[in-house]
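See structure below.
Number of protein chains: 2
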Amino acid sequence: MNITKPTLLIDERKCKANIDRMVSKAKGRGLKLRPHFKTHQSLKVGEWFKEKGVEAITVSSLGMAKYFAGAGWNEITVAFPLNILQAELINELAADVKLNLLVDNVEAINAIKDRLTHPVSLFIEIDTGAGRTGVRFDNASEIQEVAKAIKSAEKLSLKGVYTHAGHSYKARSEEDILNIFKLTKSRIASAKEYIADLSADLEICMGDTPTCSVGEDFSGIDAISPGNFVFYDVMQVFIGSCQSADIAVAMVCPVVSINKQTREVCIYGGAVQFSKDNEEWNDKVIFGLIVQQDSKGWGEPVEGCYVKSLSQEHGIVRLSPKMFDEVKVGDLLTILPIHSCLTAEAMGSYLTLNGEFVDHYAQKNRDWPG
Amino acid sequence: MNITKPTLLIDERKCKANIDRMVSKAKGRGLKLRPHFKTHQSLKVGEWFKEKGVEAITVSSLGMAKYFAGAGWNEITVAFPLNILQAELINELAADVKLNLLVDNVEAINAIKDRLTHPVSLFIEIDTGAGRTGVRFDNASEIQEVAKAIKSAEKLSLKGVYTHAGHSYKARSEEDILNIFKLTKSRIASAKEYIADLSADLEICMGDTPTCSVGEDFSGIDAISPGNFVFYDVMQVFIGSCQSADIAVAMVCPVVSINKQTREVCIYGGAVQFSKDNEEWNDKVIFGLIVQQDSKGWGEPVEGCYVKSLSQEHGIVRLSPKMFDEVKVGDLLTILPIHSCLTAEAMGSYLTLNGEFVDHYAQKNRDWPG
Numbered sequence: 001m002n003i004t005k006p007t008l009l010i011d012e013r014k015c016k017a018n019i020d021r022m023v024s025k026a027k028g029r030g031l032k033l034r035p036h037f038k039t040h041q042s043l044k045v046g047e048w049f050k051e052k053g054v055e056a057i058t059v060s061s062l063g064m065a066k067y068f069a070g071a072g073w074n075e076i077t078v079a080f081p082l083n084i085l086q087a088e089l090i091n092e093l094a095a096d097v098k099l100n101l102l103v104d105n106v107e108a109i110n111a112i113k114d115r116l117t118h119p120v121s122l123f124i125e126i127d128t129g130a131g132r133t134g135v136r137f138d139n140a141s142e143i144q145e146v147a148k149a150i151k152s153a154e155k156l157s158l159k160g161v162y163t164h165a166g167h168s169y170k171a172r173s174e175e176d177i178l179n180i181f182k183l184t185k186s187r188i189a190s191a192k193e194y195i196a197d198l199s200a201d202l203e204i205c206m207g208d209t210p211t212c213s214v215g216e217d218f219s220g221i222d223a224i225s226p227g228n229f230v231f232y233d234v235m236q237v238f239i240g241s242c243q244s245a246d247i248a249v250a251m252v253c254p255v256v257s258i259n260k261q262t263r264e265v266c267i268y269g270g271a272v273q274f275s276k277d278n279e280e281w282n283d284k285v286i287f288g289l290i291v292q293q294d295s296k297g298w299g300e301p302v303e304g305c306y307v308k309s310l311s312q313e314h315g316i317v318r319l320s321p322k323m324f325d326e327v328k329v330g331d332l333l334t335i336l337p338i339h340s341c342l343t344a345e346a347m348g349s350y351l352t353l354n355g356e357f358v359d360h361y362a363q364k365n366r367d368w369p370g
Numbered sequence: 001m002n003i004t005k006p007t008l009l010i011d012e013r014k015c016k017a018n019i020d021r022m023v024s025k026a027k028g029r030g031l032k033l034r035p036h037f038k039t040h041q042s043l044k045v046g047e048w049f050k051e052k053g054v055e056a057i058t059v060s061s062l063g064m065a066k067y068f069a070g071a072g073w074n075e076i077t078v079a080f081p082l083n084i085l086q087a088e089l090i091n092e093l094a095a096d097v098k099l100n101l102l103v104d105n106v107e108a109i110n111a112i113k114d115r116l117t118h119p120v121s122l123f124i125e126i127d128t129g130a131g132r133t134g135v136r137f138d139n140a141s142e143i144q145e146v147a148k149a150i151k152s153a154e155k156l157s158l159k160g161v162y163t164h165a166g167h168s169y170k171a172r173s174e175e176d177i178l179n180i181f182k183l184t185k186s187r188i189a190s191a192k193e194y195i196a197d198l199s200a201d202l203e204i205c206m207g208d209t210p211t212c213s214v215g216e217d218f219s220g221i222d223a224i225s226p227g228n229f230v231f232y233d234v235m236q237v238f239i240g241s242c243q244s245a246d247i248a249v250a251m252v253c254p255v256v257s258i259n260k261q262t263r264e265v266c267i268y269g270g271a272v273q274f275s276k277d278n279e280e281w282n283d284k285v286i287f288g289l290i291v292q293q294d295s296k297g298w299g300e301p302v303e304g305c306y307v308k309s310l311s312q313e314h315g316i317v318r319l320s321p322k323m324f325d326e327v328k329v330g331d332l333l334t335i336l337p338i339h340s341c342l343t344a345e346a347m348g349s350y351l352t353l354n355g356e357f358v359d360h361y362a363q364k365n366r367d368w369p370g
């Protein structure tokens, strides 16, 4: 491989192991797996899921749904509040695939119902504590109103209830995650109870990487739609969802400047490559962790090494004394991203350890492989 | 215009006024203007500069240089530390255009000098206080060593000294900016003095939007290369570089969910559209300011309205009581970005107020205009 500029490596073996683990977990518990593809956004990575028997997927936009529908996926959930302005694209998609959307208000249903040309299934999005979107789990009257509005619309059917326990991202241990998992299960189950009389086969789907990675007892749950687990990242290590050895993507960046006074190194790789997501770590804000490079990919984070700041295309890296003394201009540093979803989106393509191109929906790879 | 999903609007009139102002300032002071195109990254916006007589440009990567070289720009400065791994691309570019690069160490020069096939000019990058890259302004021996290494290499010529006073971004008033401007001018001038005997026509170039917007006395400076001024943004308003009426780009995002309990609104528009840059404002961290929409574009920020948080494609917005009471699912909100460079990069295209497509190097517009 001849890497000359910031490149997002994907370790196919680690990625497939992450996929295997979640597929097995779902199978073992009789759960339908609707993996969220917003993390990888890749047709190639999608094939790795298909090889394991996955048939239904989740995405975060209608445009992304179209990208995967074009590759033959035919059951797609768009886990984002129904955007009535995109009725045309909804019709186009629903003509081709089994389309599930999310909704959390009656207004959107009323605004779109007469414009639909093909059947669409709706999950009612339930807020089980994250406080972002969804009807609150204990708001029985609103959950029932939304359900009735769906049932009364000719082209709509009621699929079930969906929750993203996004507050699990605030966890910092397996115990934290399991507490959130337990509460989420009970809240989403109670939300479903309010509308159980409206349909016999309502599905409960929940989707967040921390609880789906760590949780064992999924009783009462029908389907899961985690996404980040396909790659994991530094944030998930800090949350307690995975080990750093599970992280399946890493940035490789050229060293372009070495500051002997500050003992810091500048890499070609900034906000437009990593995104600006960061984490607190040892009382510092960091934007990535430096790992050992080896012939088979990369190893564990090197103690005392991290990305300290990012501007548009510059990254400033702190190295351990030993690594600083050895680093040279023109070397490549390998870096675990804080948030793999946003780094993959920013990069818009991947390179396998064998040097093969892997696509991304954002397709920001115009000068590949230059 | 039929906007159905997050869209980055560009107000051509405001943008051209920003260009005019900087072109006039440079002309009036006998400064060469080398505008930094990393903010807009657009061939179309580049044409607006060309119409005003601009001939030399600055970019942040060799790939971006190639994008603009392909459109006929023939003097391009890549304001990023020389990346020796991209020698091939440097040769390809230097065959076609007058190419200026930045360097801050002897090692990079020695590593690349025998691989160059065409003449390349180098600015020595000077650190005048930002502490990111560059030889420190008072490190006479290193500045001289780098200069001599350039002079002794057959294909290299010494263009001058370059500084990005990035610490001006910490300013919070015109007075702060002018203090940094004054210090930067004196430091970059003293850096040049150390090597003045090596060449008769060394250029001093400095490039940051705050000092170039606010500064008046450019004596001693030969060229400027600001970039962000073409659009400005909320960050520049807070720094003191511009007024909010000068901001030439704004995001338009559909409202998809309204939370009556929290009185917050969810828009379709998250980190992959805005980027995650943020600012502190009235003791809150914000990710954008909501503006009045009008038939000609947009007006001033609405008091009490701001983007409170961003996840991958969701944005959570706080509205004033009046605006909250009026907002409906399916409405469009217009939002000034915190950092226009990163928002433009994340969006990968623009729409003029007349509904015309404007290109961006990132080209993340695969499903345009759907």
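Taken in order, these protein sequences are the chains called A and B. Under UniProt numbering, the residues of the first sequence are numbered 1 to 370, in order. Under UniProt numbering, the residues of the second sequence are numbered 1 to 370, in order. Ideal Cβ placement from N, Cα and C applies to all residues, glycine included. Note that the coordinates shown come from a computational prediction; the quantities given were computed from them, not determined experimentally.
Buried is the label assigned to A/Thr211, since at least 16 other Cβ atoms lie within 10 Å of its Cβ. Annotation for A/Cys341: the continuous alpha helix (DSSP H) segment containing it runs Ser340 to Met347. The continuous beta strand (DSSP E) containing A/Tyr162 extends over residues Leu156 to Thr163. Cβ-Cβ separation between B/Leu336 and A/Ala271: approximately 19 Å, too far for a contact (criterion under 8 Å). Residue contact check for B/Leu332 against chain A: a CB pair falls below 9 Å. Taking the CA atoms as reference points, B/Ala248 sits about 27 Å from A/Asn83. In the structure shown, B/Met323 adopts helical secondary structure according to DSSP, grouped into three states. Residue pairing by DSSP places B/Glu279 opposite B/Ile286 in a beta bridge.
Counting of Cβ neighbours within 10 angstroms places B/Phe357 among the exposed residues, the total staying below 16.
Pairwise C-beta distances place the stretch 84-93 of chain A in contact with the stretch 107-124 of chain A, as three or more of them are shorter than 8 Å. The beta carbons of B/Leu353 and B/Gly297 sit closer together than 9 Å. Our two residues, A/Glu142 and A/Asp197, have alpha carbons roughly 15 Å apart in a direct line. One finds nothing in chain A with a Cβ atom closer than 9 Å to the Cβ of B/Leu122; even the nearest lies about 14 Å away.
At a cut-off of 9 Å between C-beta atoms, A/Arg187 does not count as an interface residue with respect to chain B. Listed in chain order, the non-local C-beta contacts of B/Val302 below 7 Å within the same chain comprise Ile290, Val291, Gln292, Ser320 and Met323, local neighbours out to five positions each way being set aside. The residue among B/Ile150, B/Ala95 and B/Phe137 with its C-alpha nearest the C-alpha of B/Glu107 is B/Ile150. The C-beta of A/His40 comes no closer than 9 Å to any C-beta of chain B. Residue environment analysis places B/Lys185 among the buried positions, since at least 16 neighbouring C-beta atoms fall within 10 angstroms of its C-beta. Identification of chain A residues near B/Lys328 by a Cβ-Cβ cut-off of 8 Å yields Glu107, ordered along the chain.
By the Cβ-count criterion, B/Glu345 is buried, with 16 or more other Cβ atoms from all chains shown falling within 10 Å of its own Cβ. A/Asp222 is positioned such that its CB atom lies no closer than 9 Å to that of A/Cys242. Counting only Cβ-Cβ distances below 8 Å, A/Ser311 has contacts in chain B at Arg132 and Gly166, in chain order. Chain-ordered, the chain A residues with CB closer than 7 Å to the CB of B/Gln261 read Arg136. Within the stretch 153-219 of chain B, the complete beta strand (DSSP E) runs of at least 3 residues fall at 156-163 and 203-206. Under the 9 Å criterion on CB atoms, B/Asp217 is classed as non-interfacial with respect to chain A. In the structure shown, the three-state DSSP call for A/Ala362 is coil.
In this structure, the CA atom of B/Asp201 is about 8 Å from the CA atom of B/Gly160. Per DSSP, A/Leu93 is not a residue of any beta strand (DSSP E); the alpha helix (DSSP H) it occupies stretches across Ala87 to Ala94. DSSP, read as helix, strand or coil, puts A/Asp138 in coil.
A check of alpha carbon separations from B/Asn179 across B/Ser24, B/Gln261, B/Trp48 and B/Asp217 identifies B/Asp217 as the nearest.
Taking 9 Å as the threshold, the shortest C-beta distance from B/Glu88 to chain A falls below it.
For the 9 Å CB-CB criterion, A/Gly240 and A/Gly227 do not form a contact. B/Lys308 carries a strand assignment under DSSP once its states are collapsed to helix, strand and coil. Among the residues facing chain B, A/Val272 is included, as its CB has a counterpart in that chain under 9 Å away. Under the 9 Å criterion on CB atoms, A/Cys242 is classed as non-interfacial with respect to chain B. The CB of A/Thr4 comes closer than 7 Å to the CB of Leu85 and Gln86 in chain B, given here in chain order.
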